[in-house]
Each structure stands twice: as C-alpha cells, then as structure tokens.
Amino acid sequence: MDIMPSSVDDPVFEIRSEFKDVSNHPIISQLRALVGEPEFESLFTQLTEDEDTNTRFLLRMELRRVAAPCQRVIDLRLKGVKRCQLVEHNGQTHYMDEGARRIFEAGLKEFAGRYTMAIYDDVERYAQAARKEGRQADDEEPEVNWLELVRFGSLLTRDSERMHFATPVLIRQGGMVELSGSTSDISLSGLQVHLADAAYINPETELELSFPKLTDANKRPWPPLRYQFISQQDQRIRLRLLDTEPHITGLIKALIEHNQRRYKLDIRHIQETTRSRGFEQMLLSHSPALPVFFDAEQRACYCLSTVHNQPLQQLLFKDELSLLSELLGPRRIKAMLARDESQQESYLLMFEHHQQGRVFPFAGELEQLREQGLLDGFLRFGVNKPGWRVLKVNLFTTHVQALAGLDQDPNTSGADLQLTDTPVAPVPKEIQELSCVALLRDVTQDWLTEAAQALPGQVQDPNVLAPYCIQWRPGIQRIAMRFNDMRIEPRFRYKTPVQLYFDGKTIETELQDFSTQGLCLRLNEPIDRLPSELDVALPKLQRLSTRFDLMQMPYRVVHYDQPSLKLHLMIQDTGQVHPAKRFFSQLISANDGRLQPLDEDESTFAIARALRQSIVASALPTCLFVQKHNGKVRPNWLGVPVSPMPLPRLLSRLSQANGGQVAMDSLMSHQQFRMLLQDWRDNQRPHQSLLVALDTKGLPVMSRLQGQLPGEEALRFLQQAREKGYWGVWLLEFARTPKPDMHFIQNDLNYISRQALHRAKRLEQDLWGTVAMVEVTDITPLANVMLGLKARS
2 MDIMPSSVDD PVFEIRSEFK DVSNHPIISQ LRALVGEPEF ESLFTQLTED
52 EDTNTRFLLR MELRRVAAPC QRVIDLRLKG VKRCQLVEHN GQTHYMDEGA
102 RRIFEAGLKE FAGRYTMAIY DDVERYAQAA RKEGRQADDE EPEVNWLELV
152 RFGSLLTRDS ERMHFATPVL IRQGGMVELS GSTSDISLSG LQVHLADAAY
202 INPETELELS FPKLTDANKR PWPPLRYQFI SQQDQRIRLR LLDTEPHITG
252 LIKALIEHNQ RRYKLDIRHI QETTRSRGFE QMLLSHSPAL PVFFDAEQRA
302 CYCLSTVHNQ PLQQLLFKDE LSLLSELLGP RRIKAMLARD ESQQESYLLM
352 FEHHQQGRVF PFAGELEQLR EQGLLDGFLR FGVNKPGWRV LKVNLFTTHV
402 QALAGLDQDP NTSGADLQLT DTPVAPVPKE IQELSCVALL RDVTQDWLTE
452 AAQALPGQVQ DPNVLAPYCI QWRPGIQRIA MRFNDMRIEP RFRYKTPVQL
502 YFDGKTIETE LQDFSTQGLC LRLNEPIDRL PSELDVALPK LQRLSTRFDL
552 MQMPYRVVHY DQPSLKLHLM IQDTGQVHPA KRFFSQLISA NDGRLQPLDE
602 DESTFAIARA LRQSIVASAL PTCLFVQKHN GKVRPNWLGV PVSPMPLPRL
652 LSRLSQANGG QVAMDSLMSH QQFRMLLQDW RDNQRPHQSL LVALDTKGLP
702 VMSRLQGQLP GEEALRFLQQ AREKGYWGVW LLEFARTPKP DMHFIQNDLN
752 YISRQALHRA KRLEQDLWGT VAMVEVTDIT PLANVMLGLK ARS
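Heads up, the sequence shown is in this note's numbering, so the first residue is 2 and it goes up one at a time.
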C-alpha cells in the first residue's frame, strides 16, 4: 500500500509547527534557571502536560541551550550602543552600557553567578532595542573633531621606568644664577622639573642640577649631575641625563628601588610608546609604499614586500629582474643624500615605448630633467604613452646595526619590555652595514595626467630621450615583511581537513602544520572579509578521539597571507584549558619521532625584522587612523614622523598650538572625510587628492577634495589660493585595517596591565577600535609641474 504524505492542512502538521520557534515560550523564562536542579523534571512535566511530544522536545532542547555556560564576549560598542563601560566577570572583559549591565547582573543572580546563553540572549535583545532608539536620536557631529597626535619613531625614544618623586633642585646653566624648582618624576635616563618661576632655558647649554635633600647610603650629599635640555612647556622642563658613570646611575637606581613601594611608577611614557608602536605596525602592514634598502656604496640590495605593495612590485619586478637598480642607482642616491634633509625627496617619471613588438621602459628624475632642460619635452611625450607612472621617492639614512638588537636591550625600557618573545637568529653583517632606505610610492593621479596632456608646447623628439631608457637587471632581493606567523613552540607538518565557522558560513580548508597553540591552514579560495575570531573543527581527527571535543574550538586570526592563501590561527584564551592544546600536546607526545618538524626560516625573519625597525625609526609617512565608536566612523589619531619635511613640520606646528592635538578641520572637514569614505565604498577608489589653501603664515585655511572640483575648478581653486597665500596638494590613500598586530606589543601590554590595568585596557580599545587608515603624502611639487603653476614656498 502506498503511503501518501499528509497535506499541509492536516491537523497533525499544524500541531507540530505551532511551536517551531519556542525561544519566546513562557515556560523558558520560568524554568531556565532550574535546569539541572532536582525538581526540574517534575516541574517540567507538570507545566508541559498539555503540550504535544514534539513541543516538549523542543522546549527541553531550548532550556538546555539557554542554561549552558557561555564564553562569548559582549561588546556593545560595535553594535552602536553609546556610553559603554567596562564590565569584568570571571576573567572576561565585556563592554556594555548601564541598562545592559543591569540585565547582565540580574541574569547572574538568576543563574547563581553563572554566565549562560540566556544572559547573552537577554543582552543581545536589549542591544537591538537600544540601537533602534539610537537611530532615532539626534546624530549631529561635534563642532570640532580633535585628532590626538601619535609620534612615530618611538622605538628610539623608549627609556627606563619613571617614578613620581618630588624633591627640590637647583639648576645652574652656563654659570648663570641658579634656578629653583622641584622634580615631578625621575628615571635612570632623565627627569622632569617644575620651575618655581617662569624662566628661559637655553637648549644649547648644558645644565647642572643639585639635589640638596638627597644623600647616598653613607649620608653624603649627591654630587651635581649634568643634564641636557629636551623640551619645555610653560614652567615644566624635561631633561636627559648626561652623566652615565656607574656610581651616578647607581645613586638613581638605589633611590628608585628604595622608594618604589612608597611612590607610584609613572608608566605614561610606556603607554604612549606602546600605542605608537601598535599604530606603527598597523601602518607598516597596510601601506602601499615599497621600502628599498641600500648598502654602504648606495646600491639597492633589498626591498620589503607586503600584500599591499604588490602593485608596485608588479611594476618594478619581472621574475628575478628589477628596474630598481637603474631607477635608484648609486649616483642618484648620492646626489639626494648630499641635499639638506628637508629636500631628500624626488619624483620619477616613467612610461613605456612600444616598437617592433618590444617594450622599452623609460624613466627620468624630475629635478635632473629640469636641470638638463628636458622636463617639458619628457613630460609632454610621456603622459600620452602607455604605462605612464609617477613615483615619489623619500630617502632616509638608517642605522640597522644600532637597531638590530634594540628590542632585546634590557636598558631600553626595563627588562620586562621586549619587542617580541619569538626567538630570532642574529642579523647578518651585510644587513647591519646598510646605509639608507628609500620609500617608493606610486602617486600617479588621473586628473594631473589629464592636465599635463592639455598643456601647450611641442612634443619632444624621442631620440633625445634615448639615454633615459632603462634596463631590467638582477640583484634586488625581496624580503617578505613577516609579522607574527612564527610560533614559539615547535611546529609539525600534518595534513588533514579543517572546517572554519564564522558569520553562518562553513569554509573547507586543509591543515598544513600545527603546534600546541597555533595552526597554519591553506584556503581553497581567497576570503575577502575575514573575522578576527572564528570556530575551527577537525572532523577527521575527531573520529580518532572521543576524549576531546574538536568540532567547535575558538581561535583568533593572527595573519592572513592572501597571495599564498595561508591562514595562521592562534587559540583563544577562554579562561579554561583549550581542547586543541590538550589534544595536540598528547598527539605530539604519543608520536614522538614520527611527526615531521617544520624548520622556521629564522634568518629571513631576523632580516625582515631589522629592516622593519629601520623603517619605523626613520621612514614612516603621515597617517590618519580611523576609529569606529558607537556606530560612528571618524578619524581619531594622527600619526606624524619626526621629520624636517614640510607636511610633518606643518602638523607639528598645529599640534604645538593646540596642546598636542590637531583639529580635523585643519586637514579636511568631516563632510569631506565622509565623501572620501563613501567614494571608497562605492567605487573602491583607494586614493584621492586634497587641495589645500594656506595663509601667509603657511597654515591651512581651506581644503577641497579634487572630486568636489570637476574640470577647471580645481585649477581655479589653486590659483585663488596662490593669490592670497600658498597652496598645496596632498594625496590621501585609504586602506582598511581589519585587526591590529598585537604580537609585538603584547609584553608591553602585560607590563602596563600589572601597573595600571585600566591603562592597558584603554590602549587595547584604541587599537582594536581602529578600522581604517588614510596615508597623507605631499605631492605639491609634482602638481606644480603637471598643472603649470608655481607653488609659493
């Protein structure tokens, strides 16, 4: 007999589908806190006696789910909830507002102090309601958006621990009358003094400080100490110690050790340095610029490659051959080094000439072409050719030898502070002898190219430009700018299927190697938006072990190498022993001698790190860091290098006039930033030009995005700015920053958290809240040439 399926109108079907979603059933709220208690079964049977079997089954499953322990972190800042505060529970850190905190604490009381899925669901429902209310509220932007300044190159300015300590001092400079004051903090490398009266300190003169109330262990007064002036703000001066003899440093060290229990250590300088290093690593890993390093004879020998400077690599490299040896030859580099530091930059004009099926690359330096009277002809001929590119070169001297072991020098900022805990091989001698680094950036702008094409004049005879034809040559080694994919524990090769779960998706991958705390996976296809945290399942290994749950293990993303499709993961700290760590530890011990260890390329990692440090110390560009807070996206930090170049010098002037901050309107309005952001979202345009008008003092008074000024309006804007003062053109390059690279500052964070936990959490919040960055590059000299204008400088 054929069995016919019941129709949709069948009453049995209606009963089974009536409570398909039982999450809002009244019985859930009544019994969820009693799951696992002795009286639960009797109460459940009594309250569900009128329900059908299917509904009772669904209710029982839902009650077990909501009563299960929860390890999820609640962060309502990312959901647009305002005024969130830090809430800690069992070692976990959550962020929620006052209403969510009350719900969270009420849930803990209901479940006898246990954090369960029911509490998480209650807070999520509250967040959805609060988010809707927030959208209806007034959402006006603040009148002034202040950017906090981040000083790049902080790796070289790290000093020892400072202690809050007040003692009278007498200051003598150049035999003049003594000045009186009192110290506010002191360290092995310097101190800060508050002067009793306003006075001028000559920065060129060595200072002699006497401490009338300080004595050594034998009750003898301290000798006068020599200090160097660093900076002055009102009546506060910062000084660096010049006397480095052992008996002098011994006096200061004994003072700090004797009083550190009574006086609080000042870790603000470590906090500022750690924040700067976090932003430096973020900028390094996402910048489209290509760093090129030169040996003692100014020959290009290394470049650092990342995913984001791949377009430049494709332009300048062909297999093992490169154009860099001729673009940045020794003669050109020596000529640039001979200039003043504020003028060690140039522009390279490039194009391709096609003849008889062959491609001939041409390139010339802007200043060299101008000196030879060929600039106009080269420009008019090149802008109409295929492959037209303009590269900006910034040159910096570097001292890799001094930087190679800086992160492991215990005197840099205390023995507890190191750059990374990864063991690194010594840096080769040839790396330590590198002399300078060039930052190469593609600054080609379509609107400038079109303007140059419209300039009047005769096209240059191609035969005259023959000396500017360049050749592909070997000799440049590309070093991958590796970050934190090396692990402290031994790694072993092993291939097995792996499943990734995030955002409701399941991604099939393959394991390449593992350690007790990390995995290296090879993806089958690229992933555009990879979350910072995900769940991992090992289905094949799960069938071999019933003691461990390997089907839903929390991991965090450490590094994603898109060209090779390699994904590096690290276990999440959930407050409990991670199942993967236990499983792989037993797997390694049970297969001793059978697993194939993976040899780390430690020498390459050491080279990359030394080169990276030299960039941080001298060659980082200006950059805006964009944060997302309470659902709003706006710039919040401004990274500025210590440089004599015009743009960093201008921004430093603005910050000094406003107490270390820069008004966002000094660069661009919030509306212009939103236009830049929307243009990137809609058209995926990573760069745009900002036209700036400056007053007679060289300070910005007005700016416009080039996209706001179509056709001839951009040229008119710059002409009007030139009549009233000065003008400039800045290139803005936008890039997403999915997650910060915390590996290299983790030890610093641990040290800060031991001294002041709230400072460490604020620092983490600043870095994790950063979602994008905008590099700012001054291209005024290039615009001057391609527009046919002259910039007043």
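Backbone N, C-alpha and C define an ideal beta-carbon position, used for all residues, glycine too.
Being a predicted model, the structure only gives us computed values, none of them experimental.
The three-state reading of DSSP puts MET676 in helix, counting H, G and I together. Rounded to whole angstroms, the gap between the alpha carbons of LEU588 and ARG523 is 21 Å. Between VAL775 and LEU150, the C-beta spacing is not below 8 Å.
Taking C-beta atoms as the reference points, PHE280 and GLY640 count as a pair closer than 8 Å. Boundaries of the beta strand (DSSP E) around ALA301: 301–306. Under the three-state reduction of DSSP, SER347 is assigned to strand. Around VAL308, the same chain offers ASP562, GLN563 and PRO564 as residues with beta carbons nearer than 8 Å, after the five sequence neighbours per side are excluded.
GLU509 carries a strand assignment under DSSP once its states are collapsed to helix, strand and coil. Each residue's CA atom was taken as its position, placing LEU77 and ILE231 some 43 Å apart.
Taking the Cα positions, LEU32 is about 8 Å away from PHE45. In the three-state DSSP reduction, LEU551 falls in the coil class, being neither helix nor strand. For ALA736, no alpha helix (DSSP H) encloses it; the enclosing beta strand (DSSP E) starts and ends at 727–737.
Contiguous beta strand (DSSP E) elements confined to the stretch 58–100 occur at 86–90 and 93–97, taking only those with 3 or more residues.
Taking a C-beta distance under 8 Å as the contact criterion, ARG737 and VAL777 do not qualify as a contact pair.
A direct Cα-Cα distance of roughly 14 Å separates LYS629 from ARG84. Burial state of GLU50 is exposed, judged by a 10 Å Cβ sphere holding fewer than 16 other Cβ atoms. Counting of Cβ neighbours within 10 angstroms places CYS437 among the buried residues, the total reaching 16 or more. A residue is called buried once 16 or more other Cβ atoms fall within 10 Å of its Cβ, and ASN464, having fewer, is exposed. In the three-state reduction of the DSSP assignment, SER546 falls in the coil class, being assigned neither a helical nor a strand state. Relative to the Cα of SER183, the nearest Cα in the group PRO498, LYS214 and MET118 belongs to LYS214. DSSP lists GLU734 as the bridge partner or partners of HIS688. Residue nearest to MET351 within the set LEU79, ASP22, LEU148 and LEU466 is LEU466 (criterion: CA-CA distance).
Secondary structure note for HIS759: it is in no beta strand (DSSP E), and the uninterrupted alpha helix (DSSP H) holding it is 758–769. Ranked by Cα distance from ILE334, the options ILE104, TYR348, PHE626 and ARG492 are led by TYR348. At a cut-off of 4 residues, the continuous stretches assigned as alpha helix (DSSP H) that sit fully inside the stretch 611–674 are 647–658. Scanning its chain for C-beta atoms nearer than 7 Å, with the 5 sequence neighbours on each side dropped, one finds around GLN707 the residues TRP448, GLN689, SER690, LEU692 and ALA715, in chain order.
The criterion of a C-beta distance shorter than 8 Å is not satisfied by PHE382 and LEU370. Here PRO292 is buried: its Cβ has 16 or more other Cβ atoms, across all protein chains shown, within 10 Å. Within the same chain, ALA290 and LYS393 come within 6 Å of ARG442 by CB-CB distance, once the 5 residues on both sides are set aside. With contacts defined by Cβ atoms closer than 8 Å, ILE746 and ARG152 do not form a contacting pair. Linking ARG682 to MET482 through their CA atoms gives a straight-line distance of about 28 Å. When C-alpha distances from LEU313 are compared across ARG479, ALA339 and GLN86, the shortest belongs to ARG479. DSSP, reduced to helix, strand and coil, places LEU324 outside both helices and strands of the structure shown, so it counts as coil. Closest in C-alpha terms to LEU328, from the list LEU710, GLU366, PRO39 and VAL360, comes GLU366. Taking the CA atoms as reference points, CYS302 sits about 46 Å from LEU542. The C-beta of PHE363 has 16 or more other C-beta atoms within 10 Å across all chains shown, which makes the residue buried.
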